[in-house]
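Colleague: Residue 0 is where the sequence shown starts when you use numbering that gives the first Met the number 0, and the numbers rise one by one after that. No residue lacks a Cβ here, since even glycine has one placed at the ideal position from N, Cα and C. These numbers were taken from a predicted model, which means no experiment stands behind them.
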Amino acid sequence: MTVPPLLFALLMWFIGTAAVVWLDSRPRETFKTSLSLAGLVAIAALALIWILADDPSVTGAYAAFAAAIVIWGWHEMSFLMGVVAGPNRTACPPGATGWRRFTAATATVIHHELAIAATAILLFAITWGQPNQAAPLTFLLLFVLRLSAKFNLFFGVPNLSDEVFPEHLAHLKSYFRVRRMNALFPVSVGFGIILAVWAWVTAEAAPIGSGAAATGALIAGLTGLGVVEHLLLVMPVRDAKMWRWASSKTKDKAAQAAIIEWVGR
0 MTVPPLLFAL LMWFIGTAAV VWLDSRPRET FKTSLSLAGL VAIAALALIW ILADDPSVTG
60 AYAAFAAAIV IWGWHEMSFL MGVVAGPNRT ACPPGATGWR RFTAATATVI HHELAIAATA
120 ILLFAITWGQ PNQAAPLTFL LLFVLRLSAK FNLFFGVPNL SDEVFPEHLA HLKSYFRVRR
180 MNALFPVSVG FGIILAVWAW VTAEAAPIGS GAAATGALIA GLTGLGVVEH LLLVMPVRDA
240 KMWRWASSKT KDKAAQAAII EWVGR
């Protein structure tokens, strides 16, 4: 029962990432249209989540999970296209350390993070007390994984994958740090592994053929992918290579590489 949801989680992650890579690697004059159309799809996904909130079936869990991925993809597009980020669009001040560096880094992404947090609250609100919690749990998990990855990049990891950034994101790499290890990284990976195992066990304990079993397995699969992406931060592997096929040929190769590297984080 748990294998199909795991494969579905992998498929949605793969398709979702490829779609964002392709749209964000197209000419900048297409961004407004792409983001607007994706926004309409995200609204439809939100409505679907509300409709399926009382659906405890496996199909309901799959559909709600996919809808959450769609909404997440729209948020990522809004950031990568430079529409929703933060008030600070400048590089890290020379010599900035400690709290000054942290506040400056936070100001580069705070609007986007708040938008994601607000969406997570909305998803829990419209499904509160209902049996199908696949969407809010999926979205919250993606949010936690994103924050963990960003904090690890801030504190320092060996593999930043920041060789080239698009012009509107170039300032971000100044807030990253190259280090062999940071204290948060093993905690992040350990928590991810524990969460994946817990979700798997929960799925196995749920009634066979139920939406709860499917949701647990979907969360386990997505958490596992998140752990892998964290491990790539400390491994000498350029994960961008696996996404080059999805990148539009209409933009320069430098911008394509930058987008692919960032989506992988």
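Pick out the complete alpha helix (DSSP H) segments inside the region 201-242, 4 residues or longer, and give them in chain order.
Modeller: 210-230
Colleague: Just checking my contact of residue 55 with residue 131 at CB under 8 Å: how many whole Å lie between their CB atoms?
Modeller: 6 Å
Colleague: Is residue 232 near residue 136, with beta carbons less than 9 Å apart?
Modeller: no
Colleague: Could you say if the region 219-229 and the region 77-86 meet the contact criterion of at least three C-beta pairs nearer than 8 Å?
Modeller: no
Colleague: Who are the Cβ neighbours of residue 45 in its own chain at under 7 Å, not counting the five residues just before and after it?
Modeller: 70
Colleague: Buried or exposed, going by whether 16 or more other CB atoms sit within 10 Å of the CB of residue 253?
Modeller: Unreliable placement is indicated for residue 253, whose pLDDT of 47 sits below 50; the coordinate value is still reported in the next sentence. It counts as exposed.
Colleague: Please state whether DSSP places residue 23 in a helix, a strand or coil.
Modeller: helix
Colleague: By how many angstroms is the C-alpha of residue 66 removed from the C-alpha of residue 41?
Modeller: 8 Å
Colleague: Can you tell which of 139, 93, 133, 174 has its C-alpha closest to the C-alpha of residue 58?
Modeller: 133
Colleague: When DSSP labels each residue in this structure, what does residue 143 get in the three-state scheme?
Modeller: helix
Colleague: Would you mind giving the Cβ-Cβ distance between residue 216 and residue 126, rounded to the nearest angstrom? I have them listed as a contact below 8 Å.
Modeller: Wrong, their Cβ atoms sit about 19 Å apart, outside the cutoff.
Colleague: Rounded to a whole number of angstroms, what is the C-alpha to C-alpha distance between residue 9 and residue 220?
Modeller: 7 Å
Colleague: Output the distance between the C-alpha atoms of residue 100 and residue 85, rounded to the nearest integer angstrom.
Modeller: 15 Å
Colleague: Of the choices 119, 91, 182, whose alpha-carbon is the least far from that of residue 68?
Modeller: 119
Colleague: When DSSP labels each residue in this structure, what does residue 59 get in the three-state scheme?
Modeller: helix
Colleague: Going by C-alpha to C-alpha distance, which of 109, 88, 176, 190 sits closest to residue 96?
Modeller: 176
Colleague: Could you tell me which whole alpha helix (DSSP H) segments of length 4 or greater appear in the region 84-124?
Modeller: none
Colleague: In terms of residues, what are the limits of the alpha helix (DSSP H) holding residue 38?
Modeller: 30-50
Colleague: Is the beta carbon of residue 140 closer than 9 Å to that of residue 48?
Modeller: In this structure, residue 140 does not lie closer than 9 Å to residue 48 by Cβ.
Colleague: For residue 108, tell me which candidate among 168, 21, 158, 25 has the shortest Cα-Cα distance.
Modeller: 168
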